Structures are given as structure tokens and as C-alpha cells.
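Single-structure report; data block below.
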Amino acid sequence: MEIRRKFSALLLLLSFVLALLPLSANRSFTVKPDKLLSEVLNEDVSFTVDQVAEFIVREDSTIQLIDLRSPEEFRKQTIPGAVNIPYHDLINTDPDIWLNNKNIRNIFYSNGNIEPDYALVYARGLGYTNSFVMAGGMTEWINTVIETKFEGDRITARENTLFEVRRRAGEMFTELNNLPDSLKTRFLESKKFSAKKLDGGCQ
Amino acid sequence: MGPLSSYFAFPDWLNMLTAFLIGTGFGFALEQAGFSSSRKLAGMFYGYDTTVLKVFFTAAIVALIGSQFLSYLGLLNLNQVYVNEFYLTASITGGVIMGAGFIMGGFCPGTGLSALSIGKIDAMVFVAGGFTGAFIFTETYPLIEGMATAQYKGPVKINESLGLSPGLFTLIMVAAAAVMFRVAESAEKKFARPEITNELK
Chain A
1 MEIRRKFSAL
11 LLLLSFVLAL
21 LPLSANRSFT
31 VKPDKLLSEV
41 LNEDVSFTVD
51 QVAEFIVRED
61 STIQLIDLRS
71 PEEFRKQTIP
81 GAVNIPYHDL
91 INTDPDIWLN
101 NKNIRNIFYS
111 NGNIEPDYAL
121 VYARGLGYTN
131 SFVMAGGMTE
141 WINTVIETKF
151 EGDRITAREN
161 TLFEVRRRAG
171 EMFTELNNLP
181 DSLKTRFLES
191 KKFSAKKLDG
201 GCQ
Chain B
1001 MGPLSSYFAF
1011 PDWLNMLTAF
1021 LIGTGFGFAL
1031 EQAGFSSSRK
1041 LAGMFYGYDT
1051 TVLKVFFTAA
1061 IVALIGSQFL
1071 SYLGLLNLNQ
1081 VYVNEFYLTA
1091 SITGGVIMGA
1101 GFIMGGFCPG
1111 TGLSALSIGK
1121 IDAMVFVAGG
1131 FTGAFIFTET
1141 YPLIEGMATA
1151 QYKGPVKINE
1161 SLGLSPGLFT
1171 LIMVAAAAVM
1181 FRVAESAEKK
1191 FARPEITNEL
1201 K
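Heads up: the protein sequence lines correspond to chains A and B, in order.
Straight run, no breaks: the first sequence in the numbering used here ends on number 203.
Straight run, no breaks: the second sequence in the numbering used here ends on number 1201.
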């Protein structure tokens, strides 16, 4: 067999092997950089902790909180209803697993703003327009919702509603995070599986 | 050097040196393969010499297979390889202009420079034309900006837009190359012209 035939056969063989290997296909950003930038800088993509508290109290099923912190931090303290997808996992696996349901608004949060903002650019860049962030992250959540208190004698109706929402969300937060470790782990694990089931099809 | 190392920042001079060595090697290979002859390149369009197709396509599929394997073995981070951004209108328009320039001038930019370096006069004219084109493009950019940036698709890869795995896409490309080479060789027989390689020396 002449050398070029051998070489062609080798290339065909190697590419056949490649076709069988589980290579991960990376996805590209499909939104133009300037459009993406103005989109993520827009205030509409960010929810305040009070808005999130209201979602939780109302048990709004159209939102999904995504905790981007490490599993250890998540187990220690988390917002009720959140699922844990560490930032590293989010950007290194197919995001379709978590973000494909267009009817659900995914809200990223972490301790501060950096990782959620990165995640927001990443998700919106890939075309997941149902991605949002919770401004200020856990730090802001603790400061505003958990440690809320009203000073003074008079309280307006609006302030009262806000306070009630914060108090109720705070109660739910404390209740979840004060569960004994074994119960909490079991609860959070069950949340993890239900998140996966979302895209499971008819099983 | 992103794809080679994510952890170490190579000094600028090393980046430039690497680019210089790769460029020199590329130019040398082009010249040795006879690509500094515009007749050999134009042969692609007339069907009497399809070396260009075979060489470039072989290089592409070898690089395709090699980079996938290196990536699979963890030696190359394909995520850090720059992917050109795709503007549909500009690609079609640019492709037509490039193709017309290629067949009229008998060179593509790389082979033009390769031929220039061995003192070919037609290559000098070709490269001067290339620079003139680049100058006109830059000067008229505000007028054509709308067209140049229309239909942005992002740095999208073909396998991605077809929904295929990179491995399967590679297999299809290799199979397509094999078929194309056969067709090209039968075209060479059909449109055969006297051998010009010796004349070039």
C-alpha cells in the first residue's frame, strides 16, 4: 500500500476513534458583545433581596434561586428554595441541564456580586435570557432581610408590608438553617434531585 | 500562550519568537510545496492542479484530529483557542472578493508573501494590491460598517451549529476530504496540462 493511502487510512481510523470518544462540545456566545454588555448592565436583570424575599414568601414557582457557592457553604447556610450549583460546575458543564426551562427565571447569588455577575454574563451570552442576579448576594440578604428592624413609633402601610415579608422570609431562613445537620443534608439533597428531574423527560 | 498553559504567563518576546518560528516554518513549507507559483495556485480553479486543496485540507484535518486528541489527553485547552467571530454578510462578501483576488492574482495572502520573499515580481504587485485594498477598506469603513457587522452569529463552530459532537464532525470532515481528494484527482486527469514543476526551478 502506498504511503498516502496508509496515511489516509490512519486519519480515518483516528477520526473514527474521536467520534466514539465522549468529547464535550463547548458552546459559544451568540450575543454581540456590546449588546450583551448593555443587557447585563441593565437594572432589569437584577432583583433586590426584598423582591427575592417576596418570591420566597409567596412560594413563587416561576423562579429558581441558584446558589453559586461551594457545597460546604451551601450546607452551612442557604436561602430556602435555592439549589446549589457551584460556579465552577456551572461554567464547566452543559448549562442546559439547569437553565433550559424558559418558564423559570433563574436567579444567581453568591456571597457578593462577582460570581453571580460572571454567571449572568455567561448565561445571557449563551442565550439564556431567563437569567438574573440577586444584588448584593448573601451579605445583603443577611443585612437587609434577616437583621431587619424598624425604629420609631409610626410605621407606614408600605413599610409594614415590607417588614412582614422580611420577617416571614427571615423565619423560613432561620427554620431551614437551624435544622439538625442530618435532616438539612437530606432536605438539600432532595432539592438537588428535584432540580435534575426538571429536564428528565418522561421517566 | 493560552492554549498551551493556563497557569503561566509567557513573556512577550517568547510569544513573538514562537510566532516568528511558526511563521517561518509555514512560509518555508509553502515555498517548498511550490505554492510560490501563481500558476500552481490558479491550477486549483482550472482543475489541472489540485495540490492546494489537498495540502490545505490535509493540514486542516491533521490539526483537527491532533488538537482533539491533545485536548482529550488534557495537554491542550481548546477553550482558550481563539475562535473567529462570524458575521454572515461580511463573510460572504469578503469570501467573494477574496476568491476573485485569488484567481486574478494567483496567490492567497500567505503564499503571496512567500513568493515575495523569493523575489517574484508578480507577488510584489499582488502584495501591494493587498495593502491598497486594506487601506481602502480602513478609509471607507464608516460607510460599510453596517454591512461589515450585519448578521452577527458569535464565535460559533460548525459542529456546534449542526448540533454534532466535535469527534463526529471530525469523522465527517475526514470522510469528506477523502471523497474530495478522489474527485480532485480525477479532475486533474481530465484537465491535465504539461507539468510545470521543473520549469519553476
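Positions of the beta carbon are idealized from the N, C-alpha and C atoms, including for glycine.
Keep in mind the model is a prediction, meaning the values are calculated, not measured.
Residue state for A/R186 is assigned as helix, using DSSP reduced to three classes. Per DSSP, B/S1165 lies in no beta strand (DSSP E) segment and is marked neither H nor E. Any Cβ of chain A closer than 9 Å to the Cβ of B/I1158 would place that residue at the interface, and such an atom is absent. Per the C-alpha coordinates, the member of B/F1045, B/A1134, B/A1148 positioned closest to B/E1085 is B/A1148. Taking a beta-carbon distance threshold of 9 Å, B/V1062 counts as an interface residue toward chain A.
Using a 10 angstroms sphere on the CB of A/L23, the tally of other CB atoms reaches 16 or more, which defines it as buried.
Judged by DSSP in its simplified three-state form, A/L65 adopts strand. Within chain A, not a single residue places a beta-carbon under 8 Å from that of B/K1040; the smallest gap is close to 19 Å.
In this structure, B/V1055 and B/M1044 do not form a Cβ contact; the two beta carbons are roughly 10 Å apart against a cut-off of 8 Å. With contact defined as three or more Cβ pairs closer than 8 Å, the region 1103-1117 of chain B and the region 1019-1039 of chain B are in contact. Using a Cβ-Cβ cut-off of 9 Å, A/V31 is close to Y1152, G1154 of chain B, given in chain order. The beta carbon of B/Q1068 falls within 9 Å of a beta carbon belonging to chain A, placing the residue at that interface.
The beta-carbon distance between B/L1041 and B/G1094, rounded to whole angstroms, is 19 Å. This is too long to meet the 8 Å contact definition.
A distance below 8 Å between beta-carbons, with the five flanking residues on each side excluded, links A/E159 to the following residues of its chain, in chain order: F150. Closest option to B/I1172, judged by alpha-carbon separation, among A/L12, A/I91, A/P86: A/L12.
Taking all protein chains in view, the Cβ of A/G136 is crowded by 16 or more other Cβ atoms within 10 Å, so the residue is classified as buried.
Selection A/R186, A/V165, A/L183 evaluated against A/R58 yields A/V165 as nearest (Cα-Cα).
Shortest Cα-Cα distance from B/A1177 to any of B/F1035, B/A1060, B/G1025, B/D1049 involves B/A1060. Secondary structure at A/N106: strand, using DSSP grouped into helix, strand and coil.
For B/M1173, the nearest beta carbon of chain A is closer than 9 Å to its own beta carbon. For the pair of segments examined, the region 1126-1144 of chain B was found not to touch the region 1058-1075 of chain B: the number of CB pairs separated by less than 8 Å stays below three. For the pair A/A119 and A/I63, the CB atoms are not nearer than the 9 Å cut-off. By the Cβ criterion, the region 24-40 of chain A is not in contact with the region 1179-1188 of chain B, since fewer than three pairs of Cβ atoms, one from each stretch, lie closer than 8 Å. For the C-beta of B/Y1072, the chain A residues within less than 7 Å are, from N- to C-terminus, L21, L23. Per DSSP, A/Y122 lies in no beta strand (DSSP E) segment; the continuous alpha helix (DSSP H) that holds it begins and ends at 114-125. Closer than 9 Å to the CB of B/F1181 there is at least one CB belonging to chain A.
Interface annotation for the region 1080-1105 of chain B against chain A: V1083, criterion Cβ-Cβ distance under 7 Å.
Contact annotation: the region 93-111 of chain A does not touch the region 161-175 of chain A, with fewer than three C-beta pairs closer than 8 Å.
Nearest C-alpha to B/F1169 among A/A19, A/L10, A/E2: A/A19. Taking C-beta atoms under 8 Å as the contact rule, A/V133 and A/I97 fail to qualify, at a distance of about 20 Å.
In terms of beta-carbon proximity, A/R27 lines the interface with chain B, with at least one pair separated by less than 9 Å. Listed in chain order, the non-local C-beta contacts of B/I1103 below 6 Å within the same chain comprise F1045, local neighbours out to five positions each way being set aside. If one requires a minimum length of 4 residues, the alpha helix (DSSP H) runs lying completely within the region 117-180 of chain A are 137-140, 157-177, in chain order.
A/F16 reaches chain B at L1171, counting residues in chain order whose Cβ is nearer than 7 Å.
In the three-state DSSP reduction, A/F47 falls in the strand class (E or B). DSSP places B/K1040 in no beta strand (DSSP E) but in the uninterrupted alpha helix (DSSP H) bounded by 1038-1046.
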